[in-house]
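What follows is a set of notes on a single structure, which appears directly below.
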Amino acid sequence: GENVEQHPSTLSVQEGDSAVIKCTYSDSASNYFPWYKQELGKRPQLIIDIRSNVGEKKDQRIAVTLNKTAKHFSLHITETQPEDSAVYFCAASPILYGNKLVFGAGTILRVKS
Amino acid sequence: KAGVTQTPRYLIKTRGQQVTLSCSPISGHRSVSWYQQTPGQGLQFLFEYFSETQRNKGNFPGRFSGRQFSNSRSEMNVSTLELGDSALYLCASSLEASEQFFGPGTRLTVL
Chain L
1066 GENVEQHPST
1076 LSVQEGDSAV
1086 IKCTYSDSAS
1096 NYFPWYKQEL
1106 GKRPQLIIDI
1116 RSNVGEKKDQ
1126 RIAVTLNKTA
1136 KHFSLHITET
1146 QPEDSAVYFC
1156 AASPILYGNK
1166 LVFGAGTILR
1176 VKS
Chain P
478 KAGVTQTPRY
488 LIKTRGQQVT
498 LSCSPISGHR
508 SVSWYQQTPG
518 QGLQFLFEYF
528 SETQRNKGNF
538 PGRFSGRQFS
548 NSRSEMNVST
558 LELGDSALYL
568 CASSLEASEQ
578 FFGPGTRLTV
588 L
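In order, the protein sequences belong to chains L and P. Numbers given in this note's numbering equal positions in the first sequence, counted from 1, plus 1065. Numbers given in this note's numbering equal positions in the second sequence, counted from 1, plus 477.
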C-alpha cells in the first residue's frame, strides 16, 4: 500500500529563517499532495496543495515543490514567524480513486523569536 | 458556510463497550472520510463514504465500521472497544477530488 515518509520529525528555526520539510511517497498512482498544519488541540488545516501535473506552487511565504520522477515533494516556508509553530503533515492521495489521504508522520516546527 | 461538525467532542468508554461517533459535513459535500489520530501511529485513514457507499477502506479491523445517510451525514462505530482504540477521531468532508476539510474531532478514551 501507499507509504509516505516525512523528514525531519522536529525542526527548530530562528524567526525570519526558512524552513524546509521533505516527504517521499511510494505509490506512483498518487496525484494529489496536500500539506496540513495542526496547532495544539486544533483540527488539521490545509495550507497548500499541489497536483501531479504541476511542479511548483507558491502562496505568499509558503511554497511546495513536487518531483514526480523521484516521488519527492517538499514544503518551503520563508520568513518564518512564531505563529508558524505547529505540526505539519504531508499527505498523498490517489485522488482519482476517491478521497483517501495517506499522511506522513508529521514535523514539529518551532520558530524561536 | 458552516464547517464540519462532530459529536460528541469527548467520550469515555470502558473496554468491551461500543461507541458511535457522528460527523456532519459541509453543506454540498458528498464525500466524508474518517481518520484516527494517535501519538504513536499518527493520522491513519479509516474509510471514506460517498453517496451512501463506502468507496475506500483503510487497514483497520472489522470492529470499525461506518455508514452515510442520504443527507451526507456519517457515523462511525467501533465495537468491542480496546485500550488501543483511544484516539482522536477526525472526519473530513470534501467535494469530489478536492480539498478535505476536517472537523474538530472526537476524543475517545477507553478505560
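C-beta atoms are modelled at their ideal positions from N, C-alpha and C, and glycine is treated no differently. If you're wondering where the values come from, they're calculated on a predicted model, not measured in any experiment.
Beta-bridge partners assigned by DSSP to P/V509: P/Y526, P/S570.
What P/F527 touches in chain L, judged by beta-carbon distance under 8 Å, is G1163, N1164, going in chain order. Apart from sequence neighbours up to five positions away, the residues of its chain that approach P/Q577 with a beta-carbon distance below 6 Å are A569, S571, ordered along the chain. Straight across, the Cα-Cα distance linking P/G543 with L/K1177 is about 43 Å.
Taking 9 Å as the cut-off between beta carbons, the residues of the segment 1107-1132 of chain L near chain P are K1107, R1108, P1109, Q1110, L1111, D1114, in sequence order. With a contact defined as Cβ atoms closer than 8 Å, P/L520 and L/R1108 miss out at about 11 Å.
Looking at P/K478, P/M553, P/G539, the one whose alpha-carbon comes closest to that of P/G505 is P/K478. In terms of Cα proximity to P/P485, the closest of P/S499, P/T491, P/R492, P/S508 is P/S499. With its beta carbon at least 7 Å from every one in chain P, L/A1094 lies outside the interface. Spatial neighbours of L/K1087 in its own chain (CB-CB distance under 6 Å, excluding positions within 5 residues in sequence) are listed in chain order as H1072, S1139. Only those residues of the segment 487-513 of chain P whose C-beta falls short of 8 Å from the nearest C-beta of chain L are listed: S508, S510, Y512.
Those residues of the segment 538-561 of chain P placed with their C-beta closer than 9 Å to a C-beta in chain L do not exist.
DSSP lists L/H1141 as the bridge partner or partners of L/V1085.
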